[in-house]
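Asks:
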Amino acid sequence: MDTLRHIPSLLQDLLLLAHRLLLSHVFLNSGLSKWDGWLDFDESKLTLFKYEFFCPDPPRMGALQLCEPETLTYVQDSLGLRIAETMAYLAGVVEVTLPLLLIIGLLSRSAAAGLLGMTVFIQVAVYPSWDHFINPAAWWMVVAATLLLFGPGRLSGDYMLSRLFKKQGQL
35 MDTLRHIPSL LQDLLLLAHR LLLSHVFLNS GLSKWDGWLD FDESKLTLFK
85 YEFFCPDPPR MGALQLCEPE TLTYVQDSLG LRIAETMAYL AGVVEVTLPL
135 LLIIGLLSRS AAAGLLGMTV FIQVAVYPSW DHFINPAAWW MVVAATLLLF
185 GPGRLSGDYM LSRLFKKQGQ L
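The sequence shown begins at 35 in my numbering and counts up by one.
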């Protein structure tokens, strides 16, 4: 019977690992799709950010619109264009980096917070609709918030490093 008391703890660690892997899968696939190779950003994804996300036709009610509202075009070198392009590159880096951290379980709470923040931004600024919230944003938020609140569990680099530092008397 003594062995059975460890089952809930083991299940919790397995569930937290599953949360990390599920959330990582979604964002890592999205991030990798933005690159044609090492530091070679996919032009079609740049266009997606500029025109589907931040200058949709027709405009989405409540969404952040960075282009000229009358013409649905960007003025060359405008602030809106620079922001859309910067957001595309930033998303490409963040959507690869944070999921990799979650997979190995390093800086897991920070990675989960970053993906939660990204999800909130997508929901509020890009797709501010109930349909998008229900699927997929709500489940991304729940999974990220769970990792933020409970941490990555014992099947993580964070846990292993904390044990190593405790053994060495550094924590």
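Glycine included, each C-beta is placed from N, C-alpha and C at the ideal position.
1) Distance, Cα to Cα, L45 vs L149?
2) If you pair each beta-carbon of the segment 156-172 with each one of the segment 104-113, do three or more pairs fall below 8 Å?
3) Counting C-beta neighbours from all protein chains within 10 Å, is the total for P42 16 or more, i.e. buried, or is it exposed?
4) In terms of alpha-carbon separation, which member of V128, E102, F199 and K68 lies closest to T153?
5) With DSSP collapsed to three states, give me the class of E119.
6) Would you check if the segment 183-191 and the segment 57-74 touch, i.e. whether three or more CB-CB distances between them fall below 8 Å?
7) Inspect the beta-carbon positions of F83 and M121 and report whether they are closer than 9 Å.
8) In its own chain, which residues sit with a C-beta less than 8 Å from the C-beta of G134, not counting the 5 before and 5 after it?
9) Which of helix, strand or coil does DSSP assign to G71?
10) Mind checking who E102 pairs with in its DSSP beta bridge?
11) Please tell me whether D192 and R143 are closer than 9 Å, where the distance is taken between their beta carbons.
12) Which runs of the alpha helix (DSSP H), 4 residues or longer, sit entirely within the segment 163-204?
13) Can you give me the Cβ contacts of F167 inside the same chain, cut-off strictly under 7 Å, excluding the 5 residues immediately before and after it?
14) Rounded to the nearest angstrom, how far is the Cβ of L132 from that of A145, given a contact under 8 Å?
15) May I ask you to report which of helix, strand or coil DSSP gives Y161?
Replies: Taking the structure as given:
1) In this model, L45 and L149 are separated by some 24 Å (Cα to Cα).
2) no
3) exposed
4) The alpha carbon of T153 has as its nearest neighbour, out of V128, E102, F199 and K68, the alpha carbon of V128.
5) helix
6) no
7) yes
8) Before going on, a small fix: residue 134 reads as Leu here, not Gly. Within the same chain, L134 has close Cβ partners S58 and L62.
9) Look at G71 here: in three-state DSSP terms it is strand.
10) T107
11) Yes, Cβ-Cβ distance for D192 and R143 is below 9 Å.
12) 172-184 and 191-201
13) If we look at F167 and ignore the five residues flanking it on each side, its Cβ neighbours are Q157.
14) 4 Å
15) coil
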